[in-house]
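The sequence shown begins at 430 in this note's numbering and counts up by one. Backbone N, C-alpha and C define an ideal beta-carbon position, used for all residues, glycine too. Treat the numbers as computed from the prediction; the structure is a model and nothing was measured.
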Amino acid sequence: MHSKPIGVFDSGVGGLSVLNALKEILPNEDILYVADQAYTPYGKRTKETITARAIAVTKWLAAQECKLVVVACNTATTNAISQLREHFSLPFVGIEPGIKPAALDSKTGVIGVLATAGTLTSTLFQSTAQDFTQGLEVISQVGHGLVGLVEEGKADSQATEKQLRDILHPMLKKPIDHLVLGCTHYPFLTPALKKILPKNVAIVDCSTAVAEQTGRLLDLHNLNNKSGGKTDYYTTASPKIDLWESFGVEHVNQVAI
Ligand code: DGL
């Protein structure tokens with residue numbers, strides 16, 4: 430079992446931010462990456478649809494004999510991780526907006542969270558926010574249109590910078606000292622964000638923490654691979670080669686899930 434791949438999925442290319450951290454921390458693991466681009470963006474969909482897609486993609490990953498699944502999507506994690514754990518006996522690692530580390534580290538007591546509507550309205554996000562941000566001001570904004578811009582290969586464009594300026598305007602009127610990136614597409618906006626955010630605002634991205642947690646789970650279940658290291662990429666839509674190439678991926682397979 431230890432030589433089987435890790436399955437990783439997102440609604441699109443956003444999960445590549447998590448994949449990059451996984452490859453750095455676990456370079457000897459084989460990985461199957463699925464971008465559910467036929468259904469992107471997840472953020473605007475209902476909890477039922479997000480859950481159905483997460484189950485369908487995981488079923489496919491399980492059929493490929495994945496030994497563990499990383500849900501490289503905040504929207505899928507916050508809406509569907511408990512259903513995934515009920516349906517499958519596989520170990521799962523999810524990703525959630527890092528409000529806890531931001532809250533613990535905040536000096537001004539004001540933190541910003543940027544995420545999809547699906548994540549911000551989820552019960553899991555709301556209960557975590559309630560548990561860890563008592564006495565703090567949390568300014569949450571939906572990142573309208575941002576996933577689409579990343580999926581169009583426009584992460585570092587003027588259109589994205591303008592959209593970000595509009596979205597961040599309300600929180601930049603307040604003394605935020607942390608901006609939590611609550612969507613795996615958003616780390617690709619870091620160059621644009623750095624142009625906009627004051628220098629004292631720390632950007633919080635959980636991809637490294639997710640990769641470290643994956644390593645801990647592999648240790649726990651004695652599933653570490655010592656001789657792998659290849660990644661195969663799949664998309665549920667017709668592959669947009671230019672987009673994938675801009676992320677350094679040369680070959681993507683289309684899969685019907
Ligand atoms: N990258 C995903 C997330 O972390 C999904 C975004 C979307 O499809 O709306 O939330």
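Under the assumption that residue i contacts residue j (Cβ atoms under 8 Å), give the Cβ distance between them as a whole number of angstroms.
{"i": "Ile528", "j": "Thr562", "result": "6 Å"}
{"i": "Val576", "j": "Thr469", "result": "7 Å"}
{"i": "Ile484", "j": "Gly547", "result": "About 16 Å separates the two Cβ atoms, so there is no contact after all."}
{"i": "Gly541", "j": "Leu565", "result": "Actually they are not in contact, since the Cβ atoms of Gly541 and Leu565 sit about 11 Å apart, beyond 8 Å."}
{"i": "Gly657", "j": "Asp459", "result": "4 Å"}
{"i": "Leu635", "j": "Ile510", "result": "Per the sequence shown, the amino acid found at residue 635 is Cys instead of Leu. 14 Å between Cβ atoms; not a contact."}
Is there at least one non-hydrogen atom of the ligand DGL closer than 8 Å to the beta-carbon of residue i?
{"i": "Lys473", "result": "yes"}
{"i": "Asp439", "result": "yes"}
{"i": "Ile528", "result": "no"}
{"i": "Ala505", "result": "yes"}
{"i": "Val576", "result": "yes"}
{"i": "Ala467", "result": "no"}
{"i": "Pro620", "result": "no"}
{"i": "Ile632", "result": "no"}
{"i": "Ile524", "result": "yes"}
{"i": "His573", "result": "no"}
{"i": "Ala558", "result": "no"}
{"i": "Ala492", "result": "no"}
{"i": "Thr550", "result": "no"}
{"i": "Ala501", "result": "yes"}
{"i": "Ala403", "result": "The structure shown does not extend to residue 403, since the chain is modelled only from 430 through 686, so no value can be given for it."}
{"i": "Thr537", "result": "no"}
{"i": "Gly443", "result": "yes"}
{"i": "Gly436", "result": "no"}
{"i": "Gly547", "result": "yes"}
{"i": "Gly582", "result": "no"}
{"i": "Thr660", "result": "no"}
{"i": "Cys495", "result": "no"}
{"i": "Pro456", "result": "no"}
{"i": "Thr478", "result": "no"}
Could you spell out where the alpha helix (DSSP H) holding residue i opens and where it closes?
{"i": "Phe561", "result": "Thr552 to Phe561"}
{"i": "Thr487", "result": "Lys476 to Ala492"}
{"i": "Ile510", "result": "Asn503 to His516"}
{"i": "Leu608", "result": "Where Leu608 is concerned, there is no enclosing alpha helix (DSSP H), although the beta strand (DSSP E) it sits in stretches over His607 to Gly611."}
{"i": "Ser636", "result": "Ser636 to Leu649"}
{"i": "Lys625", "result": "According to the sequence as given, residue 625 is Ile; it is not Lys. It spans Thr619 to Ile625 - the alpha helix (DSSP H) in which Ile625 sits, taken as one unbroken run."}
{"i": "Ala531", "result": "Ile528 to Asp534"}
{"i": "Leu672", "result": "Ile670 to Ser675"}
{"i": "Val678", "result": "No alpha helix (DSSP H) holds Val678; DSSP gives it neither H nor E."}
Starting from residue i, trace the beta strand (DSSP E) both ways and give me its first and last residue.
{"i": "Val579", "result": "Careful: Val579 lies outside any beta strand (DSSP E), inside the alpha helix (DSSP H) at Leu575 to Glu580."}
{"i": "Asp439", "result": "Ile435 to Asp439"}
{"i": "Glu566", "result": "Glu566 to Val571"}
{"i": "Val630", "result": "Unbroken run through Val630: none, as it is neither H nor E."}
{"i": "Ala588", "result": "Careful: Ala588 lies outside any beta strand (DSSP E), inside the alpha helix (DSSP H) at Gln587 to Leu601."}
{"i": "Thr660", "result": "Thr660 to Thr664"}
{"i": "Leu497", "result": "Leu497 to Val500"}
Three-pair Cβ contact test at 8 Å for the stretch 438–455 versus the stretch 627–643: yes
Cβ contact (3+ pairs, closer than 8 Å) linking the stretch 643–659 and the stretch 602–616: no
Three CB pairs or more closer than 8 Å across the stretch 469–487 and the stretch 503–517: yes
Three CB pairs or more closer than 8 Å across the stretch 672–679 and the stretch 481–501: no
Three-pair Cβ contact test at 8 Å for the stretch 439–448 versus the stretch 579–589: yes
The stretch 584–598 contacting the stretch 618–638, beta-carbon criterion three pairs below 8 Å: yes
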